[in-house]
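**Student:**
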Amino acid sequence: MFTMTILLIFTSNLKYAAYILFALSVEPIVVRTATVVQPAGGVPSILSKPIDVKQEAINVNLLVSNNNLDGIAALLASKTNEQRQKIKIEYQQDYSHSLDQDLSGKTKKTYERLMDALLQPLPEFMARMINWSLEQSKNWLYMSIICTSSGELLKQIADAYYSAFNTQLIDELCNKMNDVNGLNVVATIINYIPGSNNTELFPGPRPDTTEVAEDLAKTQISCIPERYGYCSVQENPQLFDLLSKSSFAQIRAVVSAYQAKTMVSVETQMRTYCNGDLNEAYARIVRYAMNPVGYWTTEIYEAMAQKHTDDRALTLAILYRSEIDLATIRDTFNVNYRNVLSDFIKGHC
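Take the sequence shown: its letter number 54 is residue 54 in our numbering, and every next letter is one higher.
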């Protein structure tokens with residue numbers, strides 16, 4: 001038997017910055033922090049506060065010397081992603097060996113995944129999660145990342161993917177996805193090749209803007225599918241362009257206008273009339289554009305609702321959203337599922 005530290009980073013009150021809840025469990029699971037701008041209104045659980053990077057590296061070294069893995073995880077998880085990278089670099093400069101190497105092999109694989117996630121830049125971590133997900137059978141983690149990331153983050157992920165695997169992310173998707181319509185959507189969402197200057201062929205991902213073209217939105221509501229088959233790029237190019245190229249703000253405006261006019265859920269329309277991977281991509285994009293907090297609240301719940309908790313999906317959600325809206329997600333979870341999120345994690349990990 002062994003126990004693993006499970007980290008959940010929350011702020012019960014933003015006056016006190018972030019606190020870390022430790023829970024010990026026979027079954028391991030892990031969670032942590034992130035840094036990205038997203039089109040969402042929410043409260044983060046991790047706030048950037050000034051730190052002494054050199055002193056933090058000394059503190060980490062002391063914890064490493066004492067083999068205090070829980071302490072290392074707690075220290076790193078209370079920092080922003082950017083701060084963790086600075087501590088990691090300072091540690092290597094001061095002690096002439098990497099923190100990754102010093103922690104390697106000290107514990108079980110799931111805990112190692114926690115430490116790896118804490119020590120990786122967020123785009124690299126997400127790139128590695130995409131790679132892992134594509135190797136699985138009908139695992140939608142890659143789809144979730146691609147469909148909900150900002151344009152700038154998608155570029156960073158594509159760069160990190162190429163650096164880690166020496167393969168273009170779009171090429172990897174072409175090799176691993178069998179559904180042509182689904183592939184067309186996710187490839188167009190990314191629309192970026194690291195190192196390419198061909199902006200005409202690869203103009204980049206969707207714009208990160210909050211501006212809405214109101215007149216255009218009024219015409220775009222006609223592209224929402226109301227019959228089977230009216231989803232593919234061939235039959236409905238306007239829908240394809242809206243969901244793969246437009247900003248989340250524009251998508252939200254179109255979906256809101258359609259639902260106000262028809263009293264019908266657009267996500268339900270996507271699930272009903274679109275097939276295969278296209279069904280999954282379109283429904284996720286709509287759900288996220290309308291309510292980012294609600295989207296990730298559901299993802300966190302579903303990661304634990306199955307027979308075996310999906311620690312990778314749970315880790316990604318917590319890490320990704322902690323510097324964006326995780327405190328709001330925590331409160332939403334408590335209301336939607338009538339459970340305190342920290343207690344729910346302890347009970348399912």
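Ideal Cβ positions, reconstructed from N, Cα and C, are used throughout, including at glycine.
(1) CB-CB under 8 Å to N334, same chain, minus the five flanking residues each way: which ones, in chain order?
(2) Identify, in the order they occur along the chain, each residue of the same chain with its Cβ nearer than 6 Å to the Cβ of V64, setting aside the five sequence neighbours on each side.
(3) Under a three-way DSSP split, which group does G182 fall into?
(4) Measuring CA to CA, which of V43, Q156, L316, P207 is closest to S133?
(5) Counting only beta-carbon atoms, is G105 nearer than 8 Å to chain C?
(6) For V26, count the other beta carbons within 10 Å of its own beta carbon; 16 or more makes it buried, fewer makes it exposed. Which is it?
(7) Suppose you measure from the CA of A234 to the CA of M270; what does that come to, to the nearest Å?
(8) Buried or exposed: which applies to L183, given that a residue is buried once 16 or more other Cβ atoms fall within 10 Å of its Cβ?
(9) If I measure Cβ to Cβ from A57 and keep anything under 6 Å in the same chain, skipping five residues before and after, which residues do I get?
(10) Applying the criterion that 16 or more other CB atoms from any shown protein chain within 10 Å of the CB defines a buried residue, is L114 buried or exposed?
(11) Beta-carbon separation of I329 and I285 under 8 Å?
(12) What does the alpha-carbon distance come out to for the pair I130 and A313?
(13) So, do the stretch 136-156 and the stretch 277-296 have three or more beta carbon pairs nearer to each other than 8 Å?
(14) What whole-angstrom Cβ distance do N67 and K106 have, given they're in contact under 8 Å?
(15) What separation, rounded to the nearest whole angstrom, lies between the Cα atoms of N351 and T167?
(16) Can you tell which of F202, V185, S246, R206 has the C-alpha that lies nearest to the C-alpha of L216?
(17) Straight-line CA distance for I345 to K49?
(18) Assuming P205 and L154 are in contact, meaning their beta carbons sit under 8 Å apart, how far apart are those beta carbons, in whole angstroms?
(19) Nearest CA to the CA of Q156: which residue from L122, K261, V264, A257?
(20) Tell me, to the nearest whole angstrom, how far the beta carbon of P194 is from that of A158; I am working on the premise that it is less than 8 Å.
(21) Using 8 Å for Cβ pairs, my map puts G151 next to P203. What's the rounded Cβ distance?
(22) Rank G347, V264, I221 by C-alpha distance to the C-alpha of N236 and give the top, closest one.
(23) Beta-carbon separation of D179 and D277 under 8 Å?
(24) Residue range of the alpha helix (DSSP H) that K155 falls in?
(25) I'd like to check one pair, S322 with S45: are the Cβ atoms closer than 8 Å?
(26) Please report how far the alpha carbon of K218 lies from the alpha carbon of K261, in whole angstroms.
(27) Mind checking which residues open and close the alpha helix (DSSP H) that includes S98?
(28) Which residue marks the beginning of the alpha helix (DSSP H) containing H348, and which one marks its end?
(29) Return the CA-CA distance between E211 and Y258, expressed in angstroms with no decimal places.
(30) Taking buried to mean at least 16 other C-beta atoms within 10 Å of its own C-beta, is D354 buried or exposed?
(31) In this structure, how does DSSP classify F248 when only helix, strand and coil are distinguished?
**Tutor:** Taking the definition as stated:
(1) Spatial neighbours of N334 in its own chain (CB-CB distance under 8 Å, excluding positions within 5 residues in sequence) are listed in chain order as V340, L341.
(2) Exclusion of the five residues before and after V64 leaves D102 as the residues of its chain whose Cβ lies within less than 6 Å of its Cβ.
(3) Looking at G182 - three-state DSSP - the assignment turns out to be helix.
(4) Of the candidates V43, Q156, L316, P207, the one whose C-alpha sits nearest the C-alpha of S133 is L316.
(5) No chain C appears in the structure shown, which is made up of a single protein chain.
(6) Because V26 sits at a pLDDT of 26, beneath the cut-off of 50, its placement in the model cannot be relied upon, and the point is left open.
(7) The question names Ala, yet the displayed sequence has Gln at residue 234. Whole-angstrom Cα-Cα distance: 16 Å.
(8) It counts as buried.
(9) Once the five neighbours on either side are set aside, the close Cβ partners of A57 are I87, E90, Y91, D94.
(10) Buried, since its Cβ has 16 or more Cβ neighbours within 10 Å.
(11) No, the Cβ-Cβ distance between I329 and I285 is not below 8 Å.
(12) When rounded, the distance between both Cα atoms is 11 Å.
(13) Yes, the stretch 136-156 is in contact with the stretch 277-296.
(14) Going by Cβ atoms, the distance from N67 to K106 rounds to 7 Å, so yes, they are a contact pair.
(15) Given a span of 1 to 349 for the chain in the structure shown, any question on residue 351 remains unanswerable.
(16) The alpha carbon of L216 has as its nearest neighbour, out of F202, V185, S246, R206, the alpha carbon of S246.
(17) I345 and K49: Cα-Cα distance of roughly 27 Å.
(18) In this structure P205 is in contact with L154, their Cβ atoms being roughly 4 Å apart against a cut-off of 8 Å.
(19) Looking at the Cα atoms, L122 is the closest of the given residues.
(20) The distance from the Cβ of P194 to that of A158 is about 6 Å, consistent with a contact at the 8 Å cut-off.
(21) Actually they do not touch by this definition, with Cβ atoms about 10 Å apart.
(22) If we check each option's Cα against that of N236, I221 comes out closest.
(23) Contact: yes.
(24) That run of the alpha helix (DSSP H) goes 151-165.
(25) Yes, Cβ-Cβ distance for S45 and S322 is below 8 Å.
(26) Between K218 and K261, the C-alpha separation is close to 11 Å.
(27) Following the DSSP letters along the chain, one finds S98 in no alpha helix (DSSP H), marked with neither H nor E.
(28) 341-348 is the span of the alpha helix (DSSP H), which, as asked, contains H348.
(29) In a straight line, the C-alpha of E211 is about 18 Å away from that of Y258.
(30) The question about residue 354 has no answer here: the residues shown for the chain are numbered 1 through 349.
(31) In the structure shown, F248 sits in a helix (DSSP, three-state: H, G or I).
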